[in-house]
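Visitor: In our numbering, the protein residues as written are 849 to 1163. For glycine and all other residues, C-beta sits at the position ideal for the given N, C-alpha and C.
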């Protein structure tokens, strides 16, 4: 059960890691535009998949279920990705992915009241490693700001958005895992599709806001904005299906099989894959402080996972 859960989490992380490239591929689009495109696709495809049994599924949902689905659609999807995309465009994949990589520790802290959570005193070592990793990646981001055209203000904004994405995703992970365990009769695919419909509704609202904000400058003789909209929709489809529908399905499978505290640790696969893809995309090796940060982050998470494994052996 545990091994299968970890494997499912790793597959989800591999799909999610690809999503980190989209803000770089679509650099002429804003973070809100990219988030809107992704979740309109996710929501539309999810609705199509649910259409044959939509009424039957709707009748099985309570008001509490609808509320939690709307919350999950925002926290773990639209809000999280908009903040993440903005962070990547400001400070790059490395800093953004490693800040979000703190999720294993934050999720453990949020789920500390659960019966399977270790005392914080036992996790002091792993927590220290991860804090050091975050220190080095922040130092690297500020150093690069001085060497490139990127301003200190842009670095601060990017890192703040990354920490906002971290908070949003961590809360989503805990709430989603608990909801899945309460509704064990619903499959991981079905739950992923229902979250997709919720995310699509949020994306529709965001699209309306973006359209209203843009409409004063639109006229019959408007000059094309120079953006590659075909590429935008192709990428949106790819990350909407692979990075949302499929990845969330695997993640839900992992969340059902793993305790919440261990689910948080498995999330490390996302930033690890994101960094690997980012280095390949940029055709470079990690800089010294990036390498130190990666080492500290991975070491901290592996240390924490070892503590949980030790607890399981002693139980």
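For residue 949, which residues of its own chain have a beta-carbon under 7 Å away from its beta-carbon, when the five flanking residues on both sides are left out?
Guide: 1116, 1119, 1145, listed in sequence order.
Visitor: In three-state terms, what does DSSP make of residue 938?
Guide: Three-state result, residue 938: helix.
Visitor: In this structure, how does DSSP classify residue 869 when only helix, strand and coil are distinguished?
Guide: Three-state result, residue 869: coil.
Visitor: Where does residue 974 sit, in a helix, a strand or coil, going by DSSP?
Guide: It is helical.
Visitor: Do residue 953 and residue 975 have their C-beta atoms within less than 9 Å of each other?
Guide: Contact: yes.
Visitor: Below 9 Å between beta carbons: does that hold for residue 875 and residue 984?
Guide: Going by C-beta atoms, residue 875 is not nearer than 9 Å to residue 984.
Visitor: Can residue 930 and residue 1054 be called in contact, C-beta distance under 9 Å?
Guide: Cβ atoms of residue 930 and residue 1054: closer than 9 Å.
Visitor: Can you tell me which of the three DSSP states residue 1132 falls into?
Guide: In the structure shown, residue 1132 sits in coil (DSSP, three-state: anything other than H, G, I, E or B).
Visitor: Where does residue 1116 sit, in a helix, a strand or coil, going by DSSP?
Guide: Correct three-state label for residue 1116: coil.
Visitor: Quick check on residue 1067: does DSSP put it in helix, strand or coil?
Guide: Its pLDDT being 46, under 50, residue 1067 is placed unreliably by the model, and nothing is read from it.
Visitor: Taking the straight line between their C-alpha atoms, what separation do you get for residue 854 and residue 1039?
Guide: Going by the C-alpha atoms only, they are around 19 Å apart.
Visitor: If we define contact as Cβ-Cβ less than 9 Å, is residue 1055 a contact residue for chain C?
Guide: Among the chains in the structure shown there is no chain C, since it carries only a single protein chain.
Visitor: Note down the Cα distance separating residue 1107 from residue 1075, rounded to an integer number of angstroms.
Guide: Between residue 1107 and residue 1075, the C-alpha separation is close to 44 Å.
Visitor: If you reduce the DSSP assignment to three classes, tell me which class residue 1151 lands in.
Guide: Residue state, collapsed to three classes: helix.
Visitor: Grab me the residues of residue 1087's own chain with a C-beta within less than 6 Å of its C-beta, minus the 5 sequence neighbours each way, in chain order.
Guide: Around residue 1087: 867, 870, 886.
Visitor: The alpha helix (DSSP H) with residue 952 in it runs from where to where?
Guide: That run of the alpha helix (DSSP H) goes 951-958.
Visitor: If distances are taken between C-alpha atoms only, which option among 1111, 1037, 1151 comes closest to residue 858?
Guide: It is 1111 whose Cα lies nearest to the Cα of residue 858.
Visitor: Hey, residue 864 and residue 1006 are a contact pair by Cβ (cut 8 Å); roughly how many whole angstroms apart?
Guide: Between residue 1006 and residue 864 the Cβ distance is about 19 Å, and since that is not below 8 Å, they are no contact.
Visitor: Count the other CB atoms within 10 Å of the CB of residue 1069; is the residue buried (16 or more) or exposed (fewer)?
Guide: With a pLDDT of 47 at residue 1069, under the threshold of 50, the predicted position of this residue should be treated as unreliable, and no value is reported.
Visitor: Take residue 1019 and list the residues in its own chain whose beta-carbon comes closer than 6 Å to its own, dropping the five residues that flank it on each side.
Guide: Correct list, in chain order: 923.
Visitor: Excluding the 5 residues flanking residue 1066 on each side, which residues of the same chain have their C-beta closer than 8 Å to its C-beta?
Guide: Its pLDDT being 48, under 50, residue 1066 is placed unreliably by the model, and the measurement read from it follows with that caveat. Result list for residue 1066: empty, nothing under 8 Å.
Visitor: Mapping DSSP to helix, strand and coil, what is residue 1074?
Guide: Residue state, collapsed to three classes: coil.
Visitor: In this structure, does DSSP put residue 984 in helix, strand or coil?
Guide: The answer is helix: DSSP assigns residue 984 an H, G or I state.
Visitor: Would you mind stating whether residue 1046 and residue 889 have Cβ atoms separated by less than 9 Å?
Guide: No.
Visitor: Out of 873, 881, 893, state which residue places its alpha-carbon closest to the alpha-carbon of residue 1043.
Guide: The candidate whose alpha carbon is nearest that of residue 1043 is 893.
Visitor: Starting from residue 1006 and walking both ways along the alpha helix (DSSP H), at which residues does that stretch end?
Guide: Start and end: 1000-1030.
Visitor: Is residue 947 closer than 9 Å to residue 982 when the C-beta atoms are compared?
Guide: Yes, they are a contact pair.
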